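**Student:**
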Amino acid sequence: KMKRDFLEVTDLTREEVWRIFDRAKYFKQERSRHRQEEILAGKHLGLLFSKPSTRTRVSFEVAILELGGTPIYLAGQSTQVSRGETIKDTARVLSRYLSGLVVRTFKQEEVKEYGRWFAFPVINALTDTSHPCQALSDYFTILEKKKTFDGLCLTYIGDPNNVCNSLVLMADLLGVSIRISSPPGYPLSPLVRQQMRNPQLLKVSTDPAAFIADADVIYTDTWVSMGSESKEKERIAVFREYQVNENLLSRAKKDFLFMHCLPAHRGQEVTDTVIDGENSVVIDQAENRLHCQKALLEFLHGG
Ligand code: CP
Ligand code: NVA
1 KMKRDFLEVT DLTREEVWRI FDRAKYFKQE RSRHRQEEIL AGKHLGLLFS KPSTRTRVSF
61 EVAILELGGT PIYLAGQSTQ VSRGETIKDT ARVLSRYLSG LVVRTFKQEE VKEYGRWFAF
121 PVINALTDTS HPCQALSDYF TILEKKKTFD GLCLTYIGDP NNVCNSLVLM ADLLGVSIRI
181 SSPPGYPLSP LVRQQMRNPQ LLKVSTDPAA FIADADVIYT DTWVSMGSES KEKERIAVFR
241 EYQVNENLLS RAKKDFLFMH CLPAHRGQEV TDTVIDGENS VVIDQAENRL HCQKALLEFL
301 HGG
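Just so it is clear: in the sequence shown, position 223 is 223 by our numbering, and no numbers are missing.
This is the structure we're talking about:
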């Protein structure tokens with residue numbers, strides 16, 4: 001039997017995503033009743049993180065523990081990889097200790113290399129160009145709140161980054177209309193666009209207000225992602241008009257959802273009024289990481 005990895009949204013089929021949503025809903029209910037399933041009993045899973053994390057680390061550690069497994073956190077900088085040991089050797093050695101790996105790093109090619117050499121499932125916990133676990137729980141959250149994807153429109157405003165890329169590919173998989181407003185010179189990656197099977201689902205604009213009125217979901221993320229801190233000043237200037245604030249939202253639907261993967265930079269990409277407002281679901285979004293990742297672990301580990 002071939003092991004499965006989750007390195008990109010496109011590693012799952014539409015049917016598999018729906019099955020994971022179904023199981024995530026089940027895990028969420030079970031947790032509220034204080035019931036657990038020991039799907040990972042006796043298994044040790046490594047979390048190899050080369051960038052900071054609050055949500056992804058804790059939600060994966062708790063998910064693994066509640067499924068009966070043991071998480072082992074490995075800070076990238078404290079491993080021999082940071083001193084130049086190859087991913088190939090590292091992954092082959094870790095295969096003798098661990099049954100799974102969750103990797104947060106820089107280049108997408110690095111998670112692919114782990115997938116190539118690690119004998120068991122590898123999960124992408126964020127790279128410079130993708131964040132598939134985030135997209136999985138974001139669409140689960142949308143479904144939970146809106147009950148259906150039919151006729152739904154998601155508008156992403158700001159930097160078309162890793163989170164945006166995965167939202168686009170998941171929209172493509174699930175048949176959701178997606179709109180992106182980003183500044184001139186900061187377009188959606190052409191590589192992501194090329195991967196879309198239903199490109200008619202996507203519209204882009206440089207006008208921050210272009211897709212507000214039709215949006216069922218309004219999503220934004222930081223203007224300065226991890227690894228691009230050296231460009232902070234210029235980015236804050238470029239993105240200023242793309243702030244999600246009350247003025248921008250004046251023509252929005254009454255029942256739109258405001259979403260953000262967090263951490264937020266209040267006063268930059270979003271104002272306090274919006275992120276703390278009644279349309280905001282950012283904390284539910286973060287909670288759902290836990291339930292969706294349990295369902296993902298069950299799926300990949302053949303539970
Ligand atoms: N949304 C998200 O991935 O958050 P962390 O960086 O805290 O893991
Ligand atoms: N785009 C952000 C997401 C953090 C969860 C980053 O890569 O830093």
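Don't be surprised by glycine CBs; every beta carbon is placed ideally from N, CA and C. Predicted model, so just to flag it, every value in this text is computed and none were measured.
Nearest by alpha-carbon distance to residue 157: which of 24, 27 and 260 is it?
**Tutor:** Here residue 157 is taken as the residue at index 157 of the sequence shown, counted from 1. Of 24, 27 and 260, the residue nearest in Cα terms is 260.
**Student:** Ignore the nearest five residues each way along the sequence and tell me which others in residue 285's own chain have a CB closer than 8 angstroms to its CB.
**Tutor:** Walking along the sequence shown from the start, residue 285 turns up at place 285. Excluding sequence neighbours, residue 285 sits near 137, 138, 141, 259, 260, 261 and 262.
**Student:** Within the present structure, is the beta-carbon of residue 116 separated from the nearest heavy atom of the ligand CP by less than 6 angstroms?
**Tutor:** To locate residue 116, count along the sequence shown from 1; it is residue 116. It does not: the Cβ of residue 116 is nowhere closer than 6 angstroms to a heavy atom of the ligand CP.
**Student:** Name the DSSP beta bridge partners of residue 71, please?
**Tutor:** Position 71 of the sequence shown, counted from the start, is the residue given in the question as residue 71. According to DSSP, which records beta bridges pairwise, residue 71 is partnered with 45.
**Student:** Measure the alpha-carbon distance for residue 24 versus residue 147 and round it to whole angstroms.
**Tutor:** As a working note, residue 24 is residue 24 in the sequence shown. As a working note, residue 147 is residue 147 in the sequence shown. In a straight line, the C-alpha of residue 24 is about 15 angstroms away from that of residue 147.
**Student:** Could you spell out the range, first to last residue, of the beta strand (DSSP E) harbouring residue 219?
**Tutor:** Residue 219 sits at position 219 when you count from the first residue of the sequence shown. Where residue 219 is concerned, the enclosing beta strand (DSSP E) starts and stops at 217-220.
**Student:** If you draw a straight line from the alpha carbon of residue 232 to that of residue 249, how long is it in whole angstroms?
**Tutor:** Translated into positions along the sequence shown, residue 232 becomes position 232. Translated into positions along the sequence shown, residue 249 becomes position 249. Roughly 25 angstroms between the two C-alpha positions.
**Student:** So the alpha helix (DSSP H) residue 59 belongs to, where does it begin and stop?
**Tutor:** Counting from one through the sequence shown, the residue named residue 59 turns up at place 59. Run containing residue 59: 55-66, per the alpha helix (DSSP H) assignment.
**Student:** Cβ of residue 123 within 7 angstroms of Cβ of residue 102?
**Tutor:** By one-based count along the sequence shown, residue 123 stands at place 123. By one-based count along the sequence shown, residue 102 stands at place 102. It is a contact, given that the beta carbons lie within the stated cut-off.
**Student:** Rounded to whole angstroms, how far is the Cβ of residue 57 from the Cβ of residue 49, which I believe are closer than 8 angstroms?
**Tutor:** One-based indexing of the sequence shown puts residue 57 at position 57. One-based indexing of the sequence shown puts residue 49 at position 49. With 8 angstroms as the limit, residue 57 and residue 49 qualify as a contact, their Cβ atoms being about 6 angstroms apart.
**Student:** Using DSSP's beta-bridge definition, name the partner residues of residue 260.
**Tutor:** The count along the sequence shown starts at 1 and reaches residue 260 at position 260. The partner list for residue 260 (beta bridge, DSSP) reads 220.
**Student:** Would you call the segment 81-98 and the segment 58-66 touching, i.e. three or more CB-CB distances under 8 angstroms?
**Tutor:** no
**Student:** Out of curiosity, what's the CA-to-CA distance linking residue 155 and residue 181?
**Tutor:** Looking up residue 155 in the sequence shown gives position 155. Looking up residue 181 in the sequence shown gives position 181. Residue 155 and residue 181: Cα-Cα distance of roughly 8 angstroms.
**Student:** May I ask you to report which of helix, strand or coil DSSP gives residue 115?
**Tutor:** Here residue 115 refers to the residue found at position 115 when the sequence shown is read from its first residue. The answer is helix: DSSP assigns residue 115 an H, G or I state.
**Student:** In three-state terms, what does DSSP make of residue 103?
**Tutor:** Position 103 of the sequence shown, counting from 1, holds the residue named residue 103. Residue 103: strand per DSSP, three-state reduction.
**Student:** Quick check: the Cα distance between residue 121 and residue 290, rounded to an integer number of angstroms?
**Tutor:** Against the sequence shown, residue 121 aligns to sequence position 121. Against the sequence shown, residue 290 aligns to sequence position 290. Take the alpha-carbon of residue 121 and the one of residue 290: they are about 18 angstroms apart.
**Student:** Look up residue 281 in the DSSP assignment and say whether it is helix, strand or coil.
**Tutor:** Within the sequence shown, the letter at position 281 stands for residue 281. In the structure shown, the three-state DSSP call for residue 281 is coil.
**Student:** Can you tell me whether residue 225 sits near the ligand CP, meaning its C-beta is under 6 angstroms from at least one heavy atom of the ligand?
**Tutor:** For the purposes of this step, residue 225 is identified with residue 225 of the sequence shown, where counting begins at 1. No; taking the cut-off as 6 angstroms, the Cβ of residue 225 has no heavy atom of the ligand CP nearer than that.
**Student:** Evaluate residue 194 with the Cβ neighbour count: other Cβ atoms within 10 Å of its Cβ, from every protein chain shown; 16 or more gives buried, anything less gives exposed.
**Tutor:** Position 194 of the sequence shown, counting from 1, holds the residue named residue 194. Exposed, because fewer than 16 other Cβ atoms sit within 10 Å of the Cβ of residue 194.
**Student:** What number of angstroms, rounded off, separates the C-alpha of residue 2 from the C-alpha of residue 282?
**Tutor:** Sequence index remark: in the sequence shown, residue 2 carries index 2 (1-based). Sequence index remark: in the sequence shown, residue 282 carries index 282 (1-based). Spanning the two alpha carbons is a distance of roughly 36 angstroms.
**Student:** In terms of alpha-carbon separation, which member of 224, 268 and 81 lies closest to residue 244?
**Tutor:** As a first step, residue 244 is located in the sequence shown; it is residue number 244 there, counting from the start. Cα-wise, what sits closest to residue 244 is 268.
**Student:** Taking 6 angstroms as the cut-off, is the beta-carbon of residue 163 closer than that to any non-hydrogen atom of the ligand NVA?
**Tutor:** By one-based count along the sequence shown, residue 163 stands at place 163. Correct: residue 163 has its Cβ closer than 6 angstroms to the ligand NVA.
**Student:** Just to confirm before moving on: does the CB-CB distance between residue 187 and residue 238 stay below 7 angstroms?
**Tutor:** Taking the sequence shown and counting its residues from 1, one reaches residue 187 at position 187. Taking the sequence shown and counting its residues from 1, one reaches residue 238 at position 238. Cβ distance not < 7 angstroms, so residue 187 and residue 238 don't count as in contact.
**Student:** Exposed or buried, residue 294, counting other C-beta atoms within 10 Å across all chains shown (16 or more means buried)?
**Tutor:** Taking the sequence shown and counting its residues from 1, one reaches residue 294 at position 294. Answer is buried; the Cβ neighbour count reaches 16.
**Student:** Using 10 angstroms around the beta-carbon of residue 198, count the other beta-carbons present and answer buried if the total reaches 16, otherwise exposed.
**Tutor:** To locate residue 198, count along the sequence shown from 1; it is residue 198. Exposed is the call here.
**Student:** Among the candidates 83, 107, 110 and 114, whose CA atom is the shortest distance from the CA of residue 91?
**Tutor:** Position 91 of the sequence shown, counted from the first residue, corresponds to residue 91. The shortest Cα separation from residue 91 among 83, 107, 110 and 114 belongs to 114.
**Student:** Apart from the five residues just before and just after residue 191, which ones in its own chain have a Cβ nearer than 7 angstroms to its Cβ?
**Tutor:** Taking the first residue of the sequence shown as 1, we reach residue 191 at position 191. Within the same chain, no Cβ atom closer than 7 angstroms to the Cβ of residue 191 is found once the five residues on either side in sequence are excluded.
**Student:** Apart from the five residues on each side of it in sequence, which residues of its chain come closer than 7 angstroms, Cβ to Cβ, to residue 214?
**Tutor:** Mapped onto the sequence shown, residue 214 falls at position 214. Result list for residue 214: 153, in chain order.
**Student:** May I ask you to report which of helix, strand or coil DSSP gives residue 21?
**Tutor:** The residue given as residue 21 occupies position 21 in the sequence shown. Three-state result, residue 21: helix.
**Student:** Return the residue from the list 210, 38, 7 and 161 that minimises the CA-CA distance to residue 110.
**Tutor:** Within the sequence shown, the letter at position 110 stands for residue 110. Here the closest residue by C-alpha is 7.
**Student:** On a Cα-Cα basis, can you pick out the residue from 162, 270, 19 and 145 that is closest to residue 105?
**Tutor:** Position 105 of the sequence shown holds residue 105. Minimum Cα distance to residue 105 is reached at 162.
**Student:** Please report the residue range of the beta strand (DSSP E) in which residue 122 lies.
**Tutor:** Position 122 of the sequence shown, counting from 1, holds the residue named residue 122. Unbroken beta strand (DSSP E) run through residue 122: 122-124.
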